[in-house]
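Engineer: Dropping the structure in here first, questions after.
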Amino acid sequence: MFVIKTNAIVNPQGPTVISDYTRCIDQIIRNEFDIPGLLIFANTDNVSTSVIRIRTELLKKINEKLQFSVEVMSPTKEKEVCEQDSYNIGKLHVDDVITVPIAEYYVIIIDNYKDFSLLASKLIRSRSWNPYSKFVILLFNFVHDDNVNVEYVEKVLSCLFKFNAINVIVAVPQAKNFRNAVIYSWRPYDPPKYCGYFNETARDRAVTQNICEHGVLKYKNKLFDHKIPHDMKGCKLKILAMPKQPFISVNKYDANIEKFMVSAVLKTLNMKPTYHFVDGPRGEREDVGVWNGGLKELSSKAGYILIGGIFPDFDVHEDFEASITYLGDAYTWVVPRAHKSAAWVGLVIIFKRFVWYSLIVGFFLCGTAWTVIGKLSGDSSYNSSFGHCFLNTWTVILGFVSYLHPVQESLRIFFVFLNIYCILFLTAYQTKLFDVLTNPSYEYQIQTFEEVIESGLKFGGTEELHGLLQDSDDPFDNRLGEQWVLVNNITKAMIDVAVHRNFSLLISRFELAHISATTPELSDFTGSYKYYGFKDNFFVVPIEIIALRGFPFMKEFSRIITLFKQSGINEGLRIHFNTFNERRRARLLRAILKEKSDVRPLSVQHLQGGFLALIFGYVGGTLALFVETILNTGCIQRTFYQFHRNV
76 MFVIKTNAIV NPQGPTVISD YTRCIDQIIR NEFDIPGLLI FANTDNVSTS VIRIRTELLK
136 KINEKLQFSV EVMSPTKEKE VCEQDSYNIG KLHVDDVITV PIAEYYVIII DNYKDFSLLA
196 SKLIRSRSWN PYSKFVILLF NFVHDDNVNV EYVEKVLSCL FKFNAINVIV AVPQAKNFRN
256 AVIYSWRPYD PPKYCGYFNE TARDRAVTQN ICEHGVLKYK NKLFDHKIPH DMKGCKLKIL
316 AMPKQPFISV NKYDANIEKF MVSAVLKTLN MKPTYHFVDG PRGEREDVGV WNGGLKELSS
376 KAGYILIGGI FPDFDVHEDF EASITYLGDA YTWVVPRAHK SAAWVGLVII FKRFVWYSLI
436 VGFFLCGTAW TVIGKLSGDS SYNSSFGHCF LNTWTVILGF VSYLHPVQES LRIFFVFLNI
496 YCILFLTAYQ TKLFDVLTNP SYEYQIQTFE EVIESGLKFG GTEELHGLLQ DSDDPFDNRL
556 GEQWVLVNNI TKAMIDVAVH RNFSLLISRF ELAHISATTP ELSDFTGSYK YYGFKDNFFV
616 VPIEIIALRG FPFMKEFSRI ITLFKQSGIN EGLRIHFNTF NERRRARLLR AILKEKSDVR
676 PLSVQHLQGG FLALIFGYVG GTLALFVETI LNTGCIQRTF YQFHRNV
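Here the numbering used here is used: the first residue of the sequence shown is 76, the next is one more, and so on.
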């Protein structure tokens, strides 16, 4: 009897291998996909029977769990993105806006790299694209040399990294034993040698994460480890900065509150910022996934993040990644300051109306009391005459001495306390008069936006603000958007408001404070503003950092900013800006005072009130003289004499 010993040959396309790879991917899903969410299951045509069978069996297992929402996605006629040499990713999205959640997981089963390149174009352009997702890719490609598949793996990793996807594992058959699968990943950030720059790839950097032996994971380690180091060892981050005071300035000696914040965040990660200044507006969406302005530069990968006092609207949040809010900025309307009131008005507006009414009533009471006490006490006819008593009361109130002092003690006591009352009144009046003359009053001031519209003033602001009004559901906001005047230079617009008095501007309070401290045309010699800012805010917006979707450091930035906010650094930024701005404004006012001012501290205008009182005196004295002349005529005297005899 002869015993013949042979090794069983396993068919690479047979059910055993199909079962091994299905169980391998299923175990990865069970171990790593820990929370429910949308799972994108990629599908392609013209694939091998083995890939079709693995997909079919895997979909059955996924659906049996009832844990994920599954969407099968297939490529159409997308342009390949993996093999582009340019860093410009072009359109961010091709799909129209649809209300679907973003994907949490991607499962891709393919048998050649070309299929992946077509799939990537579809996945990246879809609205459900989420670079933070976990990617499980099986490249079912049997080769005799592992280096061939490793090269494909590196291309897959490099392509997804180009679009900020770094949580990626790629499984490929092992050359020496095709029932085993080698699972690869890489470390895109490995400072100081590799900082994750745009020109870096996964070439020669793929590392083995695990091995599937006959459908079972050999090691119990986590396949999706943390990719972002806590110490970047001096790596540089290129930042697109749009100059916008006081957030960003080319001049390092300006406030630069946003640069200060970003530098503090990067310092925590041991990174260094390099700034590339971008002129122009933030940018608006021109077409599906197509932007202009600073956001076009960002989508073209001219830098990693975009800053400059940006408050993202819905469109920006839809196409880009934004950090947590680190500052809040309020917008308000500024209008021309009302014209100054005539200087003589200061004599009247010193006290409120009730005080003046009280003074008039007190005058008549004092005059009457003087007359009554004078007659009852038997004082001189001068101090008991109705006309002379009221005239003396008026004289004393104005701070002068009466012509003839009382003789009787009762009238003297009244006269003393009347003088005390008059001294207190005159002291208060003169004190307030000094304040009024040095701080002139104004006529009625526009205080609501409804009054702005009624006044016929033109109004407007920046393009971003115009976009907010256009996107609003409020018909009133839409009507404002139709009459909106776009402003490219905030300083010139403020001069139109304050000097030319022909415009109303919607402006950030941060910007308003900065411009007011640097533009002399907006202040007069007393330090008063020539414009008026509404006390109520029109709206409040969040200031955020913008990056391409999935920017790997954005979550870490948000975590650090949250810690900063808890430690009070945000309030410190405001205090720093306010202190810096107060010093700058003080220097501005000193410079204004050195120049010739438009109004002198004391002028003829201020004496108009005195001249008016003098005119009243002339007119009143003339009228009194005229009346006295008539009353002293013989005819009138005889009439009075005859009347007294009859009585």
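Even for Gly, the Cβ is constructed at its ideal location relative to N, Cα and C.
Can you tell me whether lysine 319 is buried or exposed? The criterion is at least 16 other CB atoms within 10 Å of its CB, across all chains shown.
Structural biologist: With 16 or more other Cβ atoms within 10 Å, it is buried.
Engineer: Over what stretch of residues does the beta strand (DSSP E) that includes histidine 351 continue unbroken?
Structural biologist: Segment 346–352, the beta strand (DSSP E) holding histidine 351.
Engineer: Within 10 Å of its beta-carbon, does aspartate 306 have 16 or more other beta-carbons around it, so buried, or fewer, so exposed?
Structural biologist: Answer is exposed; the Cβ neighbour count stays below 16.
Engineer: Just to confirm my understanding: we take glutamine 142, look at its own chain, exclude 5 residues before and 5 after, and list those with CB closer than 7 angstroms. What are they?
Structural biologist: Result list for glutamine 142: Pro111, in chain order.
Engineer: Please determine whether the Cβ atom of serine 456 lies at a distance below 8 angstroms from any heavy atom of the ligand FMN.
Structural biologist: Ligands in the displayed structure: none, and consequently the ligand FMN is not present.
Engineer: The alpha helix (DSSP H) that contains glutamine 641, what's its start and end?
Structural biologist: Run containing glutamine 641: 629–642, per the alpha helix (DSSP H) assignment.
Engineer: Between Arg357, Pro617 and Val223, which lies nearest to isoleucine 380 when the distance is taken from Cα to Cα?
Structural biologist: Considering only alpha carbons, the answer is Arg357.
Engineer: Which residues mark the beginning and the end of the alpha helix (DSSP H) in which threonine 407 is found?
Structural biologist: Segment 402–411 is the beta strand (DSSP E) holding threonine 407; no alpha helix (DSSP H) there.
Engineer: Which runs of the beta strand (DSSP E) fall wholly inside the segment 256–315 and span at least 3 residues, in chain order?
Structural biologist: The segment 256–315 contains these whole beta strand (DSSP E) runs: 281–288.
Engineer: Leaving out the 5 sequence neighbours to the left and right, which residues in its chain are closer than 8 angstroms to leucine 341 when beta-carbon positions are compared?
Structural biologist: Hits under 8 angstroms: Leu312, Lys347 and Pro348.
Engineer: On the three-pair Cβ rule with 8 angstroms, is the segment 239–252 touching the segment 624–633?
Structural biologist: Contact holds: three or more Cβ-Cβ distances are below 8 angstroms.
Engineer: Measure the Cβ-Cβ separation of proline 411 and asparagine 564 and say whether it is below 9 angstroms.
Structural biologist: Contact: no.
Engineer: Quick one, are the C-beta atoms of cysteine 310 and proline 263 less than 9 angstroms apart?
Structural biologist: For cysteine 310 and proline 263, no; Cβs fall outside 9 angstroms.
Engineer: Excluding the 5 residues flanking tyrosine 401 on each side, which residues of the same chain have their C-beta closer than 8 angstroms to its C-beta?
Structural biologist: So the qualifying residues of the chain are Met336, Ile618, Glu619, Ile620, Ile636, Phe639, Lys640 and Asn645.
Engineer: Can you tell me whether DSSP reads serine 433 as helix, strand or coil?
Structural biologist: Here serine 433 sits in helix by DSSP.
Engineer: Are alanine 568 and isoleucine 582 closer than 9 angstroms when you measure CB to CB?
Structural biologist: The answer is yes: Cβ separation under 9 angstroms.
Engineer: Quick one, which of Ile385, Cys234 and Ala246 has its alpha-carbon nearest cysteine 99's?
Structural biologist: Out of Ile385, Cys234 and Ala246, Ala246 has the C-alpha closest to the C-alpha of cysteine 99.
Engineer: Would you report the Cα separation of asparagine 274 and serine 591, rounded to the nearest angstrom?
Structural biologist: So the alpha carbons of these two residues sit roughly 44 angstroms apart.
Engineer: From the DSSP output, read off the bridge partner residues of serine 598.
Structural biologist: Its beta-bridge partners are Tyr604.
Engineer: Looking at the structure shown, is threonine 708 part of a helix, part of a strand, or coil, going by DSSP?
Structural biologist: The answer is coil: DSSP assigns threonine 708 none of H, G, I, E or B.
Engineer: For isoleucine 137 and proline 206, I'd like the C-alpha separation in whole angstroms.
Structural biologist: Between isoleucine 137 and proline 206, the C-alpha separation is close to 22 angstroms.
Engineer: When you compare only the Cα positions, how much space is there between glycine 556 and threonine 654?
Structural biologist: Each residue's Cα considered, the two are about 36 angstroms apart.
Engineer: Under DSSP, the alpha helix (DSSP H) around serine 583 begins and ends at which residues?
Structural biologist: Unbroken run through serine 583 is the beta strand (DSSP E), 578–583; no alpha helix (DSSP H).
Engineer: Mind checking which residues open and close the beta strand (DSSP E) that includes phenylalanine 236?
Structural biologist: Unbroken run through phenylalanine 236 is the alpha helix (DSSP H), 221–237; no beta strand (DSSP E).
Engineer: Going by Cα to Cα distance, which pick from Leu587, Arg649, Asp404 and Tyr180 is closest to leucine 113?
Structural biologist: Checked all of Leu587, Arg649, Asp404 and Tyr180; the closest Cα to leucine 113 is Tyr180.
Engineer: Is the Cβ-Cβ distance between phenylalanine 299 and proline 248 less than 9 angstroms?
Structural biologist: No. Outside cutoff.
Engineer: Assign alanine 699 to buried or exposed, taking buried as 16 or more other Cβ atoms, counted over all protein chains shown, within 10 Å of its Cβ.
Structural biologist: It counts as exposed.
Engineer: Where do the ends of the alpha helix (DSSP H) carrying aspartate 394 lie?
Structural biologist: Start and end: 389–394.
Engineer: With distances taken Cα to Cα, identify the nearest neighbour of asparagine 494 among Phe509, Trp469, Lys507 and Glu703.
Structural biologist: Ranking the options by Cα distance to asparagine 494, first place goes to Trp469.
Engineer: So, is the C-beta of phenylalanine 335 closer than 9 angstroms to a C-beta in chain D?
Structural biologist: The structure shown has no chain D; it contains just one protein chain.
Engineer: Cutting at 7 angstroms between CB atoms, please list the residues of its own chain near serine 196, excluding the five before and the five after it.
Structural biologist: Closer than 7 angstroms at Cβ, skipping near neighbours: Pro150, Glu153, Lys154, Glu155 and Val156.
Engineer: Between which residues of its own chain and tyrosine 607 is the CB-CB distance below 6 angstroms, once the five residues before and five after are set aside?
Structural biologist: The residues are Val410, Arg412 and Gln520.
Engineer: Beta-carbon within less than 7 angstroms of serine 530's beta-carbon, same chain only, minus the 5 sequence neighbours each way: which residues are those?
Structural biologist: Correct list, in chain order: Ile521.
Engineer: Whose C-beta lies closer than 8 angstroms to the C-beta of isoleucine 93 among residues of the same chain, with five residues either side of it excluded?
Structural biologist: Correct list, in chain order: Ser125, Arg128, Ile129 and Glu132.
Engineer: With DSSP run on the structure shown, which of helix, strand or coil describes arginine 130?
Structural biologist: The answer is helix: DSSP assigns arginine 130 an H, G or I state.
Engineer: My guess is that threonine 283 and isoleucine 244 are in contact by the Cβ rule of under 8 angstroms, so how many angstroms apart are they, rounded?
Structural biologist: About 10 angstroms; that fails the 8 angstroms criterion.
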